[in-house]
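Mind the numbering: the sequence shown is residues 4 to 253 in the working numbering, read in order. Quick reminder that beta carbons are idealized off the backbone N, C-alpha and C, glycines included. Predicted, not measured: the structure shown is a model, and the values here were computed from it.
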Amino acid sequence: LKLSPDAGYEWVVTWGGGPKSICLTDDGGIAVAGTFREGSDLDPGPDPLVPTVDGVGYNAFVTKFDSQGEFQWTYYWGDGADNAGRGLVSDSTGTIYAIGYFGGTLDYVMDSDERHIESNGDTDVCLISIHEVGDINWLRTWGGQWSDYGLAAALDGSGGIYAAGFAKDHVDFDPGPESLILSSESMYWDAFLSRFDSEGELVWVRRWGNAGPEDPNAITTDQEGNVYVTGRAGNEMDFRIFSPDGNEIE
């Protein structure tokens with residue numbers, strides 16, 4: 004739904020699914036991420052796009068529209084388990100960064116090759132860089148033996164990408180060949196904030212929590228590169244500010 008500055012209706016598009024996040028792109032387009040179930044038509048236009056998926060759970064999508072609301076492309080994943088696109092952000096080149104999670108098998112195509120990733124636990128976090136025409140630039144996943152979720156993403160002025168969510172128990176937060184295992188401080192989920200460079204390489208990660216579940220629902224950055232995180236905590240509300248090198252600012 005697009006409204007003019009004086010609240011007039013410009014256009015409306017509808018399709019099957021449950022949108023969770025939206026962002027504008029450099030070319031004036033709109034990207035939307037969310038979930039859908041078996042039988043959903045992801046193309047609002049006259050040509051149906053009904054993905055073939057297994058199971059009865061939720062699958063995830065990222066869809067791009069132009070400035071007039073015309074459908075351009077969609078990327079989806081999931082095998083009917085627990086999947087979602089939860090956060091979106093776009094840079095000046097039109098690249099879209101989507102964060103979410105997946106359970107079971109994540110299928111994708113990169114450099115004309117079909118690839119497959121299995122989740123370590125019930126659900127793993129996924130961070131995906133998508134070219135403006137819908138091709139995958141890179142994809143990173145991480146998680147432990149339980150359910151781990153990616154919820155929000157943000158960019159800074161130096162090309163860094165921030166990913167926030169929550170994780171339980173022992174988790175290797177480095178999607179690459181190295182290992183960086185951080186553990187929960189309790190039996191509940193802890194919040195995490197990771198910074199990646201423009202090529203998807205992990206720069207640093209911070210994890211925090213108390214005797215209750217935490218979930219950071221939104222993050223943003225300022226002109227100096229500091230990172231602001233807000234969300235929910237089991238016993239108290241947590242607000243944290245991080246500098247570009249990952250140090251918390253008091």
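In terms of residues, what are the limits of the beta strand (DSSP E) holding residue i?
i	result
P22	21 to 27
E181	Neither: E181 is in no beta strand (DSSP E) and is coded neither H nor E.
S201	From DSSP, S201 is part of no beta strand (DSSP E); its letter is neither H nor E.
S232	The sequence shown places Val at residue 232, rather than the Ser named in the question. 230 to 236 is the span of the beta strand (DSSP E), which, as asked, contains V232.
V128	127 to 133
F105	99 to 105
D218	217 to 224
T144	139 to 145
S93	87 to 93
L154	152 to 158
With C-beta atoms as the reference, is residue i less than 8 Å away from residue j?
i	j	result
A36	G88	yes
V56	G81	yes
N140	S150	no
S161	G228	yes
G97	L130	no
G234	E251	no
S45	T66	The amino acid occupying residue 45 in the given sequence is Leu; Ser does not appear at that position. Yes, the Cβ-Cβ distance between L45 and T66 is below 8 Å.
T38	Y61	yes
D110	D85	no
D175	I184	yes
W192	R198	no
G147	V128	no
I99	A157	no
A167	P247	no
W211	G137	no
What are the partner residues of residue i, as DSSP defines its beta bridges?
i	result
E117	V112
G249	Its beta-bridge partners do not exist; DSSP assigns none.
P49	DSSP, once it has assigned bridges, lists no residue as partnering P49.
R40	Answer by DSSP bridge pairing: none, since R40 is not bridged.
H195	Per the sequence presented here, residue 195 reads as Phe, with His not at that position. For F195, which the question treats as bridged, DSSP gives the partners G168, R210.
W80	A63
A10	For A10, which the question treats as bridged, DSSP gives no partner whatsoever.
D30	Paired residue(s): none; D30 is not in a bridge.
F74	F68
Report, in whole angstroms, the separation of the C-beta atoms of residue i and residue j, which I expect to be a contact under 8 Å.
i	j	result
A155	G90	4 Å
S43	G19	3 Å
V16	F68	7 Å
L205	V230	Not quite, the Cβ-Cβ distance comes to about 15 Å (not below 8 Å), so this is no contact.
Using a Cβ-Cβ cut-off of 8 Å, state whether residue i counts as contacting chain C.
i	result
E251	The chain labelled as chain C is not found in the depicted structure, where only one protein chain is given.
May I ask whether a heavy atom of the ligand NAP can be found less than 7 Å away from the beta carbon of residue i?
i	result
N229	Only the bare structure without any ligand can be found here, which leaves the ligand NAP out of the picture.
Quick check: the region 13 to 30 against the region 91 to 106, are there 3 or more CB pairs under 8 Å?
yes
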